[in-house]
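Number of protein chains: 2
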Amino acid sequence: MKILFTQENDKSRLLSRRTFMSAAATGTALTALSILPLTGMAETKTSQNNSSADEKKMILGMVVFEGFQLLDTFGPLEMFGALKDKVTIYMIGEKAGNIKSSAGPAVAVDYTFDNAPKLDIVMIPGGMGTRREVNNAPFLASFKSMAEATPHVASICTGSAVLAKTGLIDGLKATTNKRSYKWATSQGEKVKWVAQARWVEDGKYFTSSGISAGTDMALALIDKLFGRETAMKVANGAEYEWNTDPHHDPFAKLNGLVD
Amino acid sequence: MKILFTQENDKSRLLSRRTFMSAAATGTALTALSILPLTGMAETKTSQNNSSADEKKMILGMVVFEGFQLLDTFGPLEMFGALKDKVTIYMIGEKAGNIKSSAGPAVAVDYTFDNAPKLDIVMIPGGMGTRREVNNAPFLASFKSMAEATPHVASICTGSAVLAKTGLIDGLKATTNKRSYKWATSQGEKVKWVAQARWVEDGKYFTSSGISAGTDMALALIDKLFGRETAMKVANGAEYEWNTDPHHDPFAKLNGLVD
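The listed protein sequences derive, respectively, from chains A and B. Its first residue numbered 0, the first sequence is counted upward by one per residue in numbering that gives the first Met the number 0. Its first residue numbered 0, the second sequence is counted upward by one per residue in numbering that gives the first Met the number 0.
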């Protein structure tokens with residue numbers, strides 16, 4: 000089974016036509032860099048982060064709640080799921096059982112807040128359920144404790160509203176869904192919200208724009224943890240044209256947030 | 000709750016910077032068209048397909064099996080999930096209970112092959128589990144019957160291998176994952192496999208390339224069923240830069256399938 004998995008997810012080369020086109024159009028060296036083989040970088044980062052295959056695997060917990068958004072959740076988990084030798088994924092809920100997404104399909108909770116193992120990465124998606132969870136004090140308290148104890152914290156879409164409501168990103172830069180921007184940003188008035196960003200990194204916190212943006216952010220976190228070469232391999236393995244530029248966000252303008 | 004959902008998924012405008020850049024770079028009128036408001040088109044298509052909000056909703060069944068690929072499954076379901084007034088989504092399995100993805104997270108089966116309602120759309124994802132299912136005769140027979148009885152059939156990634164193994168796409172054009180191309184295409188030697196394609200439409204069958212390609216294909220199916228304007232709204236609502244060109248496939252070359 001491992002060999003079969005590898006065929007789909009692990010033997011990629013380094014190229015992204017979208018990245019290339021974007022770089023060609025904008026002339027930015029930063030973006031253009033992403034199509035080059037960055038030999039050595041991955042190895043260095045890997046050893047710094049204790050994440051080689053011979054060491055303990057990282058544990059990623061994805062927090063879910065009734066009405067979570069599917070792609071917010073499974074875009075990032077597809078990318079981290081390609082690193083089976085480096086990362087183990089668990090779904091975490093307030094209660095045990097199955098939890099329904101906003102679109103209908105339900106996922107199984109592996110651990111509750113109370114019995115979850117110590118995490119290396121915690122993520123929280125958006126979805127209409129966030130409007131309930133920002134007013135759910137026990138959920139907020141549990142999520143806050145978990146995020147405080149976890150070295151890498153990421154929110155996708157309106158998951159940023161829940162994260163903001165904990166107070167943990169007060170004074171930090173963050174972004175969120177661009178259509179629900181007014182509501183989401185109102186949940187954290189001390190956060191330095193960035194209107195135009197695909198994702199924002201500030202300290203241990205990564206926050207992404209709406210729904211599909213979480214996938215690009217997840218690859219940026221993989222880049223941080225395991226190096227650019229690994230991130231490009233994962234993207235190419237998923238036949239995914241990674242938007243490597245955190246500033247590329249046409250949806251801020253589309254939603255009237257910038258001129 | 001409906002209003003909140005609408006905020007994230009239903010009030011979009013028509014623009015995709017990626018589409019625009021792609022059109023600008025290639026100069027293709029076809030691609031450029033996708034950024035224009037195509038007024039009237041959606042309404043016409045909608046009435047032709049009996050899919051207005053006042054009529055019966057379509058039922059989309061996503062077939063899952065142990066070792067299914069997350070993004071194959073939930074990329075398309077994110078897009079169709081934004082059309083809650085038009086489409087109901089069910090997860091379908093060989094047996095009841097929860098089914099584990101290749102990455103770990105498990106989803107709940109809503110119906111088995113035996114008790115599923117009549118579908119309007121059936122989809123099958125890829126993932127390492129396809130290597131087992133192509134040799135699972137009862138699964139193949141059930142999936143074949145379901146696909147024969149369903150007006151719209153789509154496979155993602157190596158889901159095409161399972162679809163091909165049923166014989167239903169013999170003589171038709173199709174594509175599949177580009178890294179697992181040799182194995183997947185060997186499951187249907189009478190299929191007219193297309194090496195370079197993001198997705199292929201032939202009659203009632205849509206087949207996509209690997210993993211993330213399913214999302215682009217799903218939007219093409221939404222375009223077919225409900226019109227381009229609806230598809231662009233869904234993409235923009237998900238802050239997703241839809242690759243509207245089925246021929247745009249850099250991963251065929253990356254995997255050595257074309258020069």
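Glycine included, C-beta positions come from ideal geometry on N, C-alpha and C. Computed from a predicted model, the values in this text were never measured in an experiment.
Of all the residues that make up the segment 187 to 221 of chain A, which are near chain B by a beta-carbon distance shorter than 7 Å?
Within the segment 187 to 221 of chain A, the residues whose Cβ lies closer than 7 Å to some Cβ of chain B are Ser208, Gly209, Ile210, Ser211 and Ala212, listed in chain order.
Chain A partners of Thr87 (chain B), CB-CB under 8 Å?
Here residue 87 (chain B) corresponds to residue number 88 of the second sequence, with the count starting at 1. Chain-ordered, the chain A residues with CB closer than 8 Å to the CB of Thr87 (chain B) read Gly103.
Whole-Å CB distance - Ala237 (chain A) paired with Val199 (chain A), under 8 Å assumed
For this step, residue 237 (chain A) is matched to residue 238 along the first sequence. For this step, residue 199 (chain A) is matched to residue 200 along the first sequence. Your pair Ala237 (chain A) and Val199 (chain A) does not check out as a contact, with CB atoms roughly 23 Å apart and the cut at 8 Å.
If you run the structure through DSSP and keep just helix, strand and coil, what is Phe64 (chain A)?
Translated into the one-based positions of the first sequence, residue 64 (chain A) becomes position 65. Three-state DSSP puts Phe64 (chain A) in coil, outside helix and strand.
Go ahead and pull the three-state DSSP assignment for Tyr328 (chain A).
No answer is possible for residue 328 (chain A): it lies beyond the span of chain A, which begins at 0 and ends at 258.
Rounding to the nearest angstrom, what Cα-Cα distance links Thr214 (chain B) and Val62 (chain B) in this structure?
Looking up residue 214 (chain B) in the second sequence gives position 215. Looking up residue 62 (chain B) in the second sequence gives position 63. A direct Cα-Cα distance of roughly 16 Å separates Thr214 (chain B) from Val62 (chain B).
So, does the CB of Pro116 (chain B) fall closer than 9 Å to a CB anywhere in chain A?
Counted from its first residue, the second sequence places residue 116 (chain B) at position 117. Look at Pro116 (chain B): its C-beta is not under 9 Å from any C-beta on chain A.
If we define contact as Cβ-Cβ less than 9 Å, is Met145 (chain A) a contact residue for chain B?
Residue numbering aside, residue 145 (chain A) sits at position 146 when the first sequence is read from its first letter. In terms of beta-carbon proximity, Met145 (chain A) stays away from the interface with chain B, with every pair separated by 9 Å or more.
Is the Cβ of Pro137 (chain A) closer than 9 Å to any Cβ of chain B?
Indexing the first sequence from 1 puts residue 137 (chain A) at position 138. It does not; no Cβ of chain B falls within 9 Å.
Does any residue of chain B have a CB that is nearer than 9 Å to the CB of Asp109 (chain A)?
As a working mapping, residue 109 (chain A) is identified with position 110 in the first sequence. Yes, contact with chain B.
Between Thr38 (chain B) and Ser208 (chain B), what straight-line distance do the alpha-carbon atoms span, to the nearest angstrom?
What you label residue 38 (chain B) is simply residue 39 of the second sequence in a count that begins at 1. What you label residue 208 (chain B) is simply residue 209 of the second sequence in a count that begins at 1. With a pLDDT of 33 at Thr38 (chain B), under the threshold of 50, the modelled position of that residue is not reliable, and the figure given next carries that caveat. The straight-line gap from Cα to Cα measures roughly 30 Å.
Span of the beta strand (DSSP E), counted from its first residue to its last, around Ala140 (chain A):
The residue given as residue 140 (chain A) occupies position 141 in the first sequence. Following the DSSP letters along the chain, one finds Ala140 (chain A) in no beta strand (DSSP E) but inside the alpha helix (DSSP H) bounded by residues Ala136 to Glu147.
Chain-ordered chain B contacts of Ala237 (chain A) [CB-CB under 8 Å]:
Position 238 of the first sequence, counted from the first residue, corresponds to residue 237 (chain A). The answer, in chain order, is Leu70, Gly209, Ile210 and Ser211.
CA nearest to the CA of Met90 (chain A), picked from A:Ala102, A:Ala230 and A:Asp113
On the first sequence, position 91 is the one that residue 90 (chain A) refers to. The option with the nearest alpha carbon to Met90 (chain A) is A:Asp113.
Which runs of the beta strand (DSSP E) fall wholly inside the segment 69 to 109 of chain B and span at least 3 residues, in chain order?
The qualifying runs are 86 to 92, 97 to 99 and 105 to 107.
With a Cβ-Cβ cutoff of 9 Å, do Ile88 (chain B) and Leu70 (chain B) count as a contact?
Looking up residue 88 (chain B) in the second sequence gives position 89. Looking up residue 70 (chain B) in the second sequence gives position 71. No, the pair does not count as a contact, with Cβ atoms beyond the cut-off.
Using CA atoms only, rank isn't needed, just tell me which of B:Lys55, B:Gly74 and B:Gly80 is closest to Val229 (chain B).
Here residue 229 (chain B) corresponds to residue number 230 of the second sequence, with the count starting at 1. Note that residue 229 (chain B) corresponds to Thr in the displayed sequence, not to Val. When B:Lys55, B:Gly74 and B:Gly80 are compared, the shortest CA-CA separation from Thr229 (chain B) is found for B:Gly80.
What distance in whole Å lies between the Cβ atoms of Trp182 (chain A) and Leu218 (chain A), which are believed to be in contact at a cut-off of 8 Å?
Position 219 of the first sequence, counted from the start, is the residue given in the question as residue 218 (chain A). Position 183 of the first sequence, counted from the start, is the residue given in the question as residue 182 (chain A). Approximately 27 Å separates the beta-carbon atoms of Leu218 (chain A) and Trp182 (chain A); this is outside 8 Å, ruling out the contact.
Shorter than 9 Å from the beta carbon of Arg227 (chain A) to some beta carbon of chain B?
As a first step, residue 227 (chain A) is located in the first sequence; it is residue number 228 there, counting from the start. No, Arg227 (chain A) does not count as interfacial toward chain B.
Distance, Cα to Cα, Lys85 (chain A) vs Ile221 (chain B)?
Stepping through the first sequence from its first residue, residue 85 (chain A) is reached at position 86. Stepping through the second sequence from its first residue, residue 221 (chain B) is reached at position 222. For Lys85 (chain A) and Ile221 (chain B), the distance between alpha carbons rounds to 37 Å.
Can the beta-carbon of Pro104 (chain A) be found less than 9 Å from the beta-carbon of Asp109 (chain B)?
As a working note, residue 104 (chain A) is residue 105 in the first sequence. As a working note, residue 109 (chain B) is residue 110 in the second sequence. The answer is yes: Cβ separation under 9 Å.
At the level of alpha carbons, what is the spacing between Pro245 (chain A) and Asn134 (chain B)?
Against the first sequence, residue 245 (chain A) aligns to sequence position 246. Against the second sequence, residue 134 (chain B) aligns to sequence position 135. When the Cα atoms are used, Pro245 (chain A) and Asn134 (chain B) turn out to be separated by approximately 44 Å.
N- and C-terminal bounds of the beta strand (DSSP E) containing Asp201 (chain A)
Here residue 201 (chain A) refers to the residue found at position 202 when the first sequence is read from its first residue. Segment Trp198 to Asp201, the beta strand (DSSP E) holding Asp201 (chain A).
Can you tell me whether DSSP reads Thr111 (chain B) as helix, strand or coil?
Residue 111 (chain B) sits at position 112 when you count from the first residue of the second sequence. Correct three-state label for Thr111 (chain B): strand.
Mind checking which residues open and close the alpha helix (DSSP H) that includes Ala183 (chain A)?
Position 184 of the first sequence, counting from 1, holds the residue named residue 183 (chain A). Its alpha helix (DSSP H) spans residues Tyr180 to Thr184.
Secondary structure of Ile155 (chain B), DSSP reduced to three states:
Looking up residue 155 (chain B) in the second sequence gives position 156. Coil.
6 Å Cβ shell around Thr25 (chain B) - same chain, five flanking residues per side excluded:
The residue given as residue 25 (chain B) occupies position 26 in the second sequence. Confidence at Thr25 (chain B) is low in this model, with a pLDDT of 38, below 50, so its placement is unreliable and the value that follows should be read with caution. Taking Thr25 (chain B) as the centre and dropping the five residues before and after it, the same chain places no C-beta closer than 6 Å to its C-beta.
Taking 9 Å as the CB-CB limit, is Ser185 (chain B) close to chain A?
Taking the second sequence and counting its residues from 1, one reaches residue 185 (chain B) at position 186. No, its Cβ sits nowhere closer than 9 Å to a Cβ of chain A.
Would DSSP call Met127 (chain A) helix, strand or coil?
Stepping through the first sequence from its first residue, residue 127 (chain A) is reached at position 128. Residue state, collapsed to three classes: coil.
Cut-off 8 Å between Cβ atoms - residues of its own chain near Ala52 (chain A), not counting five sequence neighbours on either side
Numbered from its first residue, the first sequence carries residue 52 (chain A) at position 53. Reliability fails at Ala52 (chain A), whose pLDDT of 48 lies under 50, so the model's placement of it is uncertain and the value that follows must be treated cautiously. Within the same chain, Ala52 (chain A) has close Cβ partners Asp84 and Lys85.
Under 9 Å between C-beta atoms of Gln186 (chain A) and Lys252 (chain A):
Indexing the first sequence from 1 puts residue 186 (chain A) at position 187. Indexing the first sequence from 1 puts residue 252 (chain A) at position 253. Their beta carbons are not under 9 Å apart, which means Gln186 (chain A) does not touch Lys252 (chain A) by this criterion.
Measure the C-alpha to C-alpha separation of His247 (chain B) and Leu256 (chain A) and round it to an integer number of angstroms.
The residue given as residue 247 (chain B) occupies position 248 in the second sequence. The residue given as residue 256 (chain A) occupies position 257 in the first sequence. When rounded, the distance between both Cα atoms is 31 Å.
Counting contacts by CB-CB distance shorter than 9 Å, is Ser100 (chain A) in contact with chain B?
As a first step, residue 100 (chain A) must be located in the first sequence, where it is residue number 101. Yes, contact with chain B.
Step through the CB atoms of chain B and report whether any lies within less than 9 Å of the CB of Gly158 (chain A).
In the first sequence, counting from the first residue as 1, residue 158 (chain A) sits at position 159. No, no contact with chain B.
Cutting at 8 Å between CB atoms, please list the residues of its own chain near Met145 (chain A), excluding the five before and the five after it.
Taking the first sequence and counting its residues from 1, one reaches residue 145 (chain A) at position 146. Taking Met145 (chain A) as the centre and dropping the five residues before and after it, the same chain places the C-beta of Gly60, Val62, Ile91, Phe112, Ala115, Leu118 and Val121 closer than 8 Å to its C-beta, in chain order.
Short of 8 Å in beta carbon distance, which residues of its chain neighbour Leu139 (chain B), apart from the five on each side in sequence? Order them along the chain.
Here residue 139 (chain B) refers to the residue found at position 140 of the second sequence. Apart from the 5 residues on each side of it in sequence, Leu139 (chain B) sits with its Cβ closer than 8 Å to the Cβ of Glu132, Val133, Val161, Lys164 and Thr165 in its chain, given in chain order.
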